[in-house]
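Notes follow the structure.
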Amino acid sequence: MKRKYEQQPRLKLYYFDIKGKGEPIRLLCAYAGIDIEDYRFVTRDEFLAMREGTRLPFSQVPMLEVDGKHSLVQSCAIMRYLGKLGGLYPVDPIQAAKVDALMEQETDTFIGTTVLTYGRRFGIDLTPDVKEKSYEQISDEVLPGHFRNIEKCLRASPTGWLAATDEPSPADFMWYVKLSLMAEKKELSEKIRTLEDFPKIRALMEKFESLTPVQEYYASKDDHLELPDIAVGKP
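In terms of my numbering, the sequence shown opens at residue 1 and continues consecutively.
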């Protein structure tokens, strides 16, 4: 849904040239018609130089610069801000809290794979054998438990969106991107990557990918997304 703003803030996203935590921000802006400059670091040294300065409060990205003077960081805070700007964050406090909970739950669900991928960032250095066993346990036990909870949310939603909003909320953008990236993670079992046992989540993916602004966004990119098999119902 495209929206017009009389005085939209000047927005600039700083992130790497990958999907990661930047992609939900890009997609939300594309859907809501929010103009944003999508700056992608050319080299890691460029990021490190910025980190040494004062523009990154927690020395990390994504960072959303607003009107050239405000630096917003932390993905959930950025998504909440943009959701409010684009009319995708609920005004009702209860529904807003449900959106917040779903964004936080996305972090909780995938914290294990995050630690396994970026162990040293957390002060954890695991052997390849331990990592392999951990991925097996995450595939067989951890992620299925979390996904069953998300299935319950979707079964209770009359709109098909996670928080029962009329349009996708910031939570839907975050979950969509994370699940898409999960589908590419070969360390996880094929059953988990294809969401074989979770039809409501698969339906959410397909619903999201059917949105015209999302399709237009990826069609405009040279490195446009190959829609994952889980979205189109392939085994």
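Quick reminder that beta carbons are idealized off the backbone N, C-alpha and C, glycines included.
Item	Value
Proximity of VAL91 and PRO170 at Cβ, strictly below 8 Å	no
Within 8 Å, strictly: CB atoms of LEU27 and VAL177	yes
Contact belief for TYR135 with LEU162 at Cβ below 8 Å, rounded distance in angstroms	TYR135 to LEU162, Cβ: 26 Å. No contact.
Cβ contact check for the region 53–70 and the region 203–210: 3 or more pairs under 8 Å	no
7 Å CB neighbourhood of ARG80 in its chain, flanking five on each side removed	TYR89 and PRO170
Backbone secondary structure at PHE195 - three-state DSSP	Checking the sequence, you will find Leu at residue 195 rather than Phe. Reduced to three states, the DSSP call for LEU195 is coil.
Same chain only: Cβ atoms within 6 Å of VAL61, ignoring 5 sequence neighbours per side	TYR14 and TYR15
Cβ-Cβ distance between PRO24 and MET174 below 8 Å	yes
Cutoff 7 Å; reference ILE192; Cβ partners in own chain excluding five residues on either side	SER139 and LEU143
Span separating the alpha-carbon of PHE198 from that of GLU187	19 Å
Cutoff 7 Å; reference PRO158; Cβ partners in own chain excluding five residues on either side	ALA164
Environment of GLY233 [buried if 16+ CB atoms lie within 10 Å]	At GLY233 the pLDDT is 33, less than 50, meaning the model places this residue with poor confidence; the figure from the coordinates comes in the next sentence. Counting Cβ neighbours within 10 Å, GLY233 comes out exposed, since fewer than 16 surround it.
Burial state of PHE110, where buried means 16 or more other Cβ atoms lie within 10 Å	buried
Start and end residues, alpha helix (DSSP H) containing SER75	75–85
First through last residue of the beta strand (DSSP E) which encompasses ASP38	37–40
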